[in-house]
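Working notes, beginning with the structure itself.
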Amino acid sequence: MSSISVDPRPTAAPGVRRITQADINWALSEGWKDFSAKRGDVLVLAVLYPVLGLLAAAIALNDRLLPVFFPLVAGLSVMGPAAAAGFYEIARRREAGISSSWIHFFDPLNGRSRTPLLMLTLMSLVFFATWIAAAWVIYQATLAQVGPMTIVGGFEQLFSTPEGWAMVVVGNLVGAVFAVLTVLLTLVSFPMVVDRPVDAGTAVATSIRAVGRNPGAVASWGLRVAALLLLGCLPLFMGLAVVLPVLGYATWHLYTRMVER
Numbered sequence: 017m018s019s020i021s022v023d024p025r026p027t028a029a030p031g032v033r034r035i036t037q038a039d040i041n042w043a044l045s046e047g048w049k050d051f052s053a054k055r056g057d058v059l060v061l062a063v064l065y066p067v068l069g070l071l072a073a074a075i076a077l078n079d080r081l082l083p084v085f086f087p088l089v090a091g092l093s094v095m096g097p098a099a100a101a102g103f104y105e106i107a108r109r110r111e112a113g114i115s116s117s118w119i120h121f122f123d124p125l126n127g128r129s130r131t132p133l134l135m136l137t138l139m140s141l142v143f144f145a146t147w148i149a150a151a152w153v154i155y156q157a158t159l160a161q162v163g164p165m166t167i168v169g170g171f172e173q174l175f176s177t178p179e180g181w182a183m184v185v186v187g188n189l190v191g192a193v194f195a196v197l198t199v200l201l202t203l204v205s206f207p208m209v210v211d212r213p214v215d216a217g218t219a220v221a222t223s224i225r226a227v228g229r230n231p232g233a234v235a236s237w238g239l240r241v242a243a244l245l246l247l248g249c250l251p252l253f254m255g256l257a258v259v260l261p262v263l264g265y266a267t268w269h270l271y272t273r274m275v276e277r
């Protein structure tokens with residue numbers, strides 16, 4: 017006799033709450049506590065530095081990639097929520113008082129979270145690729161009209177010509193749009209699929225509602241994240257070994273304040 021498989025994932029989206037600056041401060045504080053207990057800096061460095069090294073080598077060997085260097089680096093933040101899934105799992109386990117050893121870091125890829133997590137990651141990859149494509153189009157319409165961008169004269173080309181300034185201004189505006197959309201769609205959705213049996217569509221819809229109910233607080237969160245990432249890039253991106261795990265943990269705790277469980 018054949019059996020019918022029923023997907024246990026609920027279709028009804030959970031309620032969302034209003035949060036305040038105090039909730040953001042609390043989430044960051046809890047993120048630091050989690051980092052102090054489960055640092056993860058070596059793990060981040062083991063992944064981050066090879067990626068940055070390959071990127072730097074590619075640009076050194078091919079000047080054509082130089083115009084999209086900043087979008088490539090900044091756009092990696094689009095993939096941040098996907099990369100942080102393991103930190104969400106560790107934070108969830110610490111909160112529940114169960115084993116939170118590093119052996120559980122990849123649990124989201126092996127259990128019920130795998131399919132929605134992969135769907136959300138694919139969505140993020142599409143966003144990332146679209147951002148890079150948009151950056152290339154902007155370059156072709158602005159600075160490329162002056163001449164090819166080079167490693168030696170790149171900064172002078174950017175800041176001493178009208179075309180360069182047009183590329184900077186338009187590029188940053190477009191990047192800001194992608195950043196806002198990323199927060200809107202992923203702030204809650206990634207930790208949510210790690211936390212409970214829910215499909216990717218419901219998680220994204222919940223993220224949109226949660227952000228829509230807290231535009232001011234989420235804007236404040238975004239500014240803090242941007243500032244911390246900027247600080248983390250100094251010196252030589254080494255600070256990201258601390259900033260990225262802390263933000264991963266903190267995002268989990270912010271999710272627990274924004275979404276009813």
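In terms of our numbering, the sequence shown opens at residue 17 and continues consecutively.
A virtual CB, placed ideally from N, CA and C, is assigned to each residue, including glycine.
Practice task
Can you say whether T218 is buried or exposed, counting buried as having 16 or more other CB atoms within 10 angstroms of its CB?
Solution key: Here residue 218 corresponds to residue number 202 of the sequence shown, with the count starting at 1. Buried, by the Cβ-count rule.
Practice task
Write down the C-beta distance between S140 and A98 rounded to the nearest angstrom, noting that I regard them as a contact closer than 8 Å.
Solution key: Against the sequence shown, residue 140 aligns to sequence position 124. Against the sequence shown, residue 98 aligns to sequence position 82. Sure, about 5 Å apart at Cβ, within 8 Å.
Problem - L258 to G248 span [Cα, whole Å] - result: If you number the sequence shown from 1, residue 258 lands on position 242. If you number the sequence shown from 1, residue 248 lands on position 232. For the sequence presented, residue 258 should be read as Val rather than Leu. Computed Cα separation, rounded: 8 Å.
Handout entry: Cross-strand partners of V275 (DSSP beta bridge)
Key = For the purposes of this step, residue 275 is taken as the residue at position 259 of the sequence shown. Answer by DSSP bridge pairing, in chain order: V32.
Exercise for the section: Could you check what DSSP says for N188 in three-state terms: helix, strand or coil? Expected result: The residue you call residue 188 lines up with position 172 of the sequence shown. Three-state DSSP puts N188 in a helix.
Practice task
Please specify which runs of the alpha helix (DSSP H), each continuous and at least 4 residues long, are wholly inside the region 168-222, giving them in chain order.
Solution key: 170-175, 178-202 and 205-211
Practice task
Label V142 either buried or exposed according to how many other C-beta atoms from any shown protein chain fall within 10 Å of its C-beta, with 16 as the threshold for buried.
Solution key: For the purposes of this step, residue 142 is taken as the residue at position 126 of the sequence shown. The residue in question, V142, is exposed, as its Cβ has fewer than 16 Cβ neighbours within 10 Å.
Exercise for the section: Please name the residue in G56, I224 and F144 whose C-alpha comes closest to that of A107. Expected result: Translated into positions along the sequence shown, residue 107 becomes position 91. Among G56, I224 and F144, the Cα nearest to that of A107 is on G56.
Handout entry: Cutoff 6 Å; reference P83; Cβ partners in own chain excluding five residues on either side
Key = As a first step, residue 83 is located in the sequence shown; it is residue number 67 there, counting from the start. In chain order, Y155 and M165 place their CB closer than 6 Å to the CB of P83, counting only its own chain and leaving out the 5 sequence neighbours on each side.
Exercise for the section: Can you tell me which of the three DSSP states W268 falls into? Expected result: As a first step, residue 268 must be located in the sequence shown, where it is residue number 252. W268: helix per DSSP, three-state reduction.
Handout entry: Residue nearest to N41 in terms of C-alpha spacing, selected from A160, E276 and V241
Key = Counting from one through the sequence shown, the residue named residue 41 turns up at place 25. Cα-wise, what sits closest to N41 is V241.
Practice task
Tell me whether P213 is buried or exposed, calling it buried when 16 or more other Cβ atoms sit within 10 Å of its Cβ.
Solution key: In the sequence shown, residue 213 corresponds to position 197, counting from 1. Exposed, by the Cβ-count rule.
Handout entry: Proximity to L200 [Cα-Cα], best of T36, V94 and V168
Key = Stepping through the sequence shown from its first residue, residue 200 is reached at position 184. Of the candidates T36, V94 and V168, the one whose C-alpha sits nearest the C-alpha of L200 is V94.
Practice task
For P178, count neighbouring C-beta atoms within 10 Å of its own C-beta (all shown protein chains included) and say buried if the count is 16 or more, exposed if not.
Solution key: Here residue 178 corresponds to residue number 162 of the sequence shown, with the count starting at 1. That one is exposed.
Handout entry: Any chain B beta carbon closer than 7 Å to R128
Key = Protein chains in the displayed structure number just one, and chain B is not present.
Practice task
Note down the Cα distance separating V89 from I148, rounded to an integer number of angstroms.
Solution key: Residue numbering aside, residue 89 sits at position 73 when the sequence shown is read from its first letter. Residue numbering aside, residue 148 sits at position 132 when the sequence shown is read from its first letter. Roughly 10 Å between the two C-alpha positions.
Practice task
For the alpha helix (DSSP H) containing K49, list its first residue and its last residue.
Solution key: Position 33 of the sequence shown, counted from the start, is the residue given in the question as residue 49. It spans Q37 to A53 - the alpha helix (DSSP H) in which K49 sits, taken as one unbroken run.
Problem - Given 8 Å, three or more beta-carbon pairs between the region 202-211 and the region 167-182 - result: no
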